[in-house]
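Peer 1:
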Amino acid sequence: MKILFVCTGNTCRSPMAEGLFKMLLKDREIEGIECSSAGLFAMTGDEVTPNAVKAVERFGVDISAHRARRITAFLLDETDKFVCMTGQHAASLSLYVPPEKIMVLDDEIFDPYGGDLEKYMLCARAIREALVAQFDEITAVKE
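For the sequence shown, the numbering used here assigns the number 14 to the initial residue and increments by one for each residue that follows.
Structure follows, in structure tokens:
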């Protein structure tokens, strides 16, 4: 199964979600699930924001090597589940992929871009709590 976490620029929310989810998979000793992230309007190659790196470091996750990438036709075709940070992201994706492959994390994850470390920490906590709460839904395969 291939999961793609989706946000706008792929420099804050979706890389944090990817890193935190990989840690959950490892902690639960689950294999056979791949996850990555991309942005609807990402500038491919941009670095993850420093505060996003610091925020997830507090959970034992290192996303410092992450580089942004834009969603491509290949990713649309190869992904089994799209986990979006907002309803707007989901609505945009629904133009290209079946709605049953799309979900929104915790109803809506606010964008910390440009904020201080505290704002990023609040966002990282919200993402982690949503990932834990929605873990079964995220990993479920819909036939």
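Glycine is no exception: its CB is placed at the ideal position from the N, C-alpha and C atoms.
Going by DSSP, which residues form a beta bridge with V145?
Peer 2: The partner list for V145 (beta bridge, DSSP) is empty, contrary to what the question assumes.
Peer 1: Quick one: Cα of D40 to Cα of A143, how far?
Peer 2: Taking the straight line from one Cα to the other gives about 16 Å.
Peer 1: Compute the distance between the beta-carbons of F72 and A30, then report whether it is under 8 Å.
Peer 2: No, they are not a contact pair.
Peer 1: Which of the three DSSP states is assigned to M116 in this structure?
Peer 2: Looking at M116 - three-state DSSP - the assignment turns out to be strand.
Peer 1: Any idea what DSSP makes of R80, helix, strand or coil?
Peer 2: If DSSP states are grouped into helix, strand and coil, R80 belongs with the strands.
Peer 1: Under 8 Å, do A65 and G22 count as touching if we go by C-beta distance?
Peer 2: No. Outside cutoff.
Peer 1: Going by Cα to Cα distance, which pick from A86, T57, P28 and K35 is closest to E44?
Peer 2: The shortest Cα separation from E44 among A86, T57, P28 and K35 belongs to K35.
Peer 1: Look up A65 in the DSSP assignment and say whether it is helix, strand or coil.
Peer 2: In the structure shown, A65 sits in a helix (DSSP, three-state: H, G or I).
Peer 1: DSSP three-state label for I44, please.
Peer 2: Strictly speaking, residue 44 in this sequence is Glu, with Ile absent from that position. It is coil, neither helix nor strand.
Peer 1: With burial defined as no fewer than 16 other Cβ atoms inside 10 Å of the residue's Cβ, what is the status of L33: buried or exposed?
Peer 2: Answer is buried; the Cβ neighbour count reaches 16.
Peer 1: Name the two residues that bound the continuous alpha helix (DSSP H) containing F123.
Peer 2: Run containing F123: none; DSSP gives neither H nor E here.
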